[in-house]
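Residues in the sequence shown are numbered from 1 upward in steps of one, following our numbering.
To start, the structure itself, in structure tokens.
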Amino acid sequence: MNGDPVADSPPHAARPRRRRRIYALIPVHRRATLLATITSLRAQTRPPDAVVAVVNNCTDDTADIARAAGARVLDLPVNPHLKAGAINHGLDRIADDLADDDAIFVMDADTTLAPGFFAAAEDRLADPAVGGVGGSFYAATEDNLLRIVQGNEYARYVRQICRRPLARANVLTGAGAMFRVGVLRHVRRARAAGDLPGVGYYQTGVLTEDNELSLAVQRLGYLIVSPKACALYTEAPATVRELWHQRVRWRRGALENLREHGVNRTTLPYLTKTFWTAFVTLLSFAYVALVAAILATDADALTWQPFWIAVFVVYLADRVWTCRGRGVRPALVAFLAPIEILYDLFQQLVFLAACYQFARRSDQRWAPATA
């Protein structure tokens, strides 16, 4: 595969294989849990060869904290391109030190890793067909009902991905993903040649740069995977307002990424899933409207039917079973079906809002406005 000297080398080559170097790159805007993030990198069974923090539009002591933790700091006091711009700045500064078969791990500053993450990711990158390894993400904090519901959602997503062959992922999460340097260079060359949208490594000016890069990597013929052994823990939104903004941004960003990449073998499964989500969303709200209309006009017409009771029992058992091993509180939330049903309806409202913004092409906001 292009840009992969290991894949192009003859199998009988006598030259010993060079140890792969791995650099960890952290774009950070606020210090938040940065110290815990760097500590989790140092605690890897296969630790990174360097930790680089790109201090992005910061006005506090984030840079001092990063240096004290042993990270190399790249100051970026003025950055109109937000997270993607910070990552590109870091990659431009460090990529020349690395060979195509070395790796770069990009992670958020509010994320921590399981100790075996790097060892498992490096093992998967040994396959030249794999272009990137993302994390299987879990909620770092579950201190309220909303975060518990999100934790259940994350756990179900991980189970779904891990059931697939090779643990093929839908997207390499921005919370933490490892790439071969040669793959990132391949992306940059393809953008420069006009074969992919945007310029540079990560595309700037988009709402979901991780999703866009995932599409780009796959369009170049690489696989993206998220093995269960690559566990990471990221902070979930604590309020409905924060969650609403995050999910609308994710949904709208994904729609815009698909529009930019067009219809092709890579995007077709994503487009199919999007249309299916639209159908299910409209069907759900039509059902809710029908039930509400019956209750308002003739409540006695609603009766318990054994078939639908059985369907609901199966649904409830599946929700609880897919949260097994997460503790009593998550299982109890899953058992109290109305909570997760309301959460599903919330997600469908998010989808409708994202479609509306996408259709209007309204102004993009990467972060919620603050008072």
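Built from N, CA and C at the ideal position, the CB exists for glycine as well.
Exercise. From the DSSP output, which residues share a beta bridge with Arg72?
Worked result: Val52
Exercise. What do you get for Pro115, buried or exposed, if any count of 16 or more other CB atoms within 10 angstroms of its CB means buried?
Worked result: exposed
Problem set entry | Contact belief for Arg168 with Leu223 at Cβ below 8 Å, rounded distance in angstroms | 6 Å
Exercise. For Glu242, is the classification buried or exposed, using 16 other Cβ atoms within 10 angstroms of its Cβ as the cut-off for buried?
Worked result: Under this definition Glu242 is an exposed residue.
Problem set entry | C-beta contact flag for Val206 and Glu256 at 8 Å | yes
Problem set entry | Gly200 - DSSP class collapsed to helix/strand/coil | coil
For this session: Determine the burial state of Asp210: buried for a count of at least 16 other Cβ atoms within 10 Å of its Cβ, exposed for fewer.
Result: Buried.
Exercise. Roughly how far, in whole angstroms, is the beta-carbon of Leu34 from the beta-carbon of Asn56, given that I think they are within contact range, below 8 Å?
Worked result: With a Cβ gap of about 12 Å, Leu34 and Asn56 do not count as contacting.
Exercise. Is Asp44 buried or exposed, if buried means 16 or more other CB atoms sit within 10 Å of its CB?
Worked result: Residue 44 is actually Gln in this sequence, not Asp. So Gln44 ends up on the buried side.
Exercise. Asp64: which of Asn88, Arg30 and Ile87 sits nearest, CA to CA?
Worked result: Arg30
For this session: Just the C-alpha distance for Arg259 and Arg189, rounded to the nearest angstrom, thanks.
Result: Approximately 21 Å, taken between the alpha carbons.
For this session: Enumerate in chain order the residues of its own chain whose CB-to-CB distance from Ala13 is below 8 Å, with the five nearest sequence positions on each side excluded.
Result: Any reading at Ala13 must be qualified, since the residue scores a pLDDT of 37, below 50, and its modelled position is unreliable; no value is offered.
For this session: Return the residue from the list Asp108, Tyr343 and Phe351 that minimises the CA-CA distance to Leu172.
Result: Asp108
For this session: Confirm, please, whether the CB-CB distance from Val51 to Arg372 is below 8 Å.
Result: There is no way to answer for residue 372, as the model of the chain reaches only from 1 to 371.
Problem set entry | Span of the alpha helix (DSSP H) around Val149 | Leu145 to Cys162
Problem set entry | Host alpha helix (DSSP H) of Gly253 (start-end) | Unbroken alpha helix (DSSP H) run through Gly253: Val240 to His261.
For this session: Following the continuous beta strand (DSSP E) through Tyr138, name the residue where it begins and the one where it ends.
Result: Ser136 to Ala139
Problem set entry | Close-in-space but distant-in-sequence residues of the same chain around Leu41 (CB under 6 Å, 5 per side omitted) | Ala24, Pro48 and Val51
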